[in-house]
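What follows is a single structure, written as C-alpha cells, with notes after it.
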Amino acid sequence: MALYVVALQEGFLYGMLALGVYISLRVLNLPDLTTEGSFGFGAAVAALTASFGHPYLSLPLALLAGACAGFVTGLLQTRLKIHPVLSGIITMNALYTVNLMTMGTTNLSIGAGNSLFKILYALYELTPLQKKMLGAGVSFAAALIVLLLMILFFKTHLGMCVRATGDNPDMVRASSINADRTKLVGLSVSNALVGLSGALIVHYSGYADVNASSGTLVYGLAAVIIGEAVCGRSGPVRGLICALLGSVIYKLIVTLVVDLNLFGSYSVNMMKLMCAVIVAVTLAIPAMRQYSAQRRRMREAKKNA
C-alpha cells in the first residue's frame, strides 16, 4: 500500500515535468531537449535557496530558473537560427556546468528543517503511512493548481497565440503576430514547469544531485505518450490533463514491476530500460492498430471476393 501511495506522490510531482514536455512537444511542436538541464537547474537553485533557510522562496526562484533556461534555448532558435534539437542540446550541456557551479558540489542536502514536506509533516502527529498519504494529497493539490493555471493560460490571448504558433507559424506571421516572441514565451513556460518539478522533487527527497536529472526527458515523453494512448490526442486542455494522468500511470506501472519483483534483484536497476520499453510499446500502438485494421479489411475483401 505504502509503495503505491509514494508512486502517486511522485507521479504528481513529476507530472509538472510532463506538463512542460507536453507544451513544447505538442503545443509548440518543437523537440526541446532542454528538459534535463532545466530540471537540474530548478533543482539546484531550489536546493541552494532552501539550504540557506528560505524553503518557500526556493519554488518561485526555481520556476524563474527554468524559464531562463527555456528563454536561452528560444533565443538560440529564433535569433541565431540554430536547429531546435541542437539548441536544446547546447543549453542542456551548458546547464550541467551551471548546476555544478550553483550547488558548489555534486550533491547538496537542504536539511530536514528546510524541506517543505518535512515542515508540513511536523505540524501533525502522523504515522509513516499517514505522512505518505498527506504528501500525496499535497502533491495532487499542487499539480492540480498548476494544471488549472496552464488551462487558463492557454485560453488567454497570449496562450492562443502560442498555440497558433505551434499549429501554423506562417499563418501567425501573416496575422502580424511575432511568432519568435510567442515561441520564446512557450519555451519559457514549458521549462519553468520543468524547473518547478525539479524543485519539488528536491523538497521531496531532501537533496539535489547533479546527475538526478538524467532520464527526465524520456520520463516526460513517456508520460505524454502514455496519456495520449489512454485518452487520445486532442486539444491542449485534454492533452494537459492526459499528460498529468500519464505521469501517474507510468509511476504506478514501474512500482508494480518493482513490487512484483518481476526481474528479481535487478528490478530496481531496470527503471530506464522499463521506461524505454514502455515508450517504444506505446509509440507502436497506433501502427499496430493500423496494421490490425488493414489485415481485417484484407480478410473481409477475400470473403466478399
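Under numbering that gives the first Met the number 0, the first residue of the sequence shown is numbered 0, with each subsequent residue one higher.
From the three backbone atoms N, C-alpha and C, an ideal C-beta is built for every residue, glycine too.
According to DSSP, residues forming a beta bridge with residue i
i      : result
LEU107 : ALA207
Residue i, DSSP secondary structure in three states
i      : result
LEU12  : helix
SER175 : coil
GLU124 : coil
MET91  : helix
SER50  : helix
SER114 : coil
ASP166 : helix
ILE144 : helix
HIS82  : coil
LEU119 : helix
ASN98  : helix
PHE153 : coil
LEU7   : helix
Residue i beta carbon near the ligand GTP (any heavy atom closer than 8 Å)
i     : result
THR48 : The model on display carries no ligand, and the ligand GTP is accordingly not part of it.
Exposure of residue i, with buried meaning 16 or more beta-carbon neighbours within 10 Å
i      : result
PRO285 : exposed
ALA221 : buried
ARG172 : exposed
ALA142 : buried
ASN106 : exposed
MET91  : buried
Residue i vs residue j beta-carbon contact at 9 Å
i      : j      : result
LEU192 : VAL229 : no
ILE109 : ALA43  : no
THR254 : ALA17  : no
ALA198 : LEU58  : yes
ASN190 : GLY65  : yes
VAL247 : LEU128 : no
THR126 : CYS160 : no
THR164 : GLY87  : no
ILE224 : LEU282 : yes
TYR95  : GLY36  : yes
PRO30  : PRO83  : yes
GLY205 : LYS117 : yes
ASN113 : GLY52  : yes
Next item on the list: Report the residue ranges of all beta strand (DSSP E) runs contained in full by the stretch 182–262; include only those spanning at least 3 residues, in chain order.
Entry: Segments of the beta strand (DSSP E) lying fully in the stretch 182–262: 206–208.
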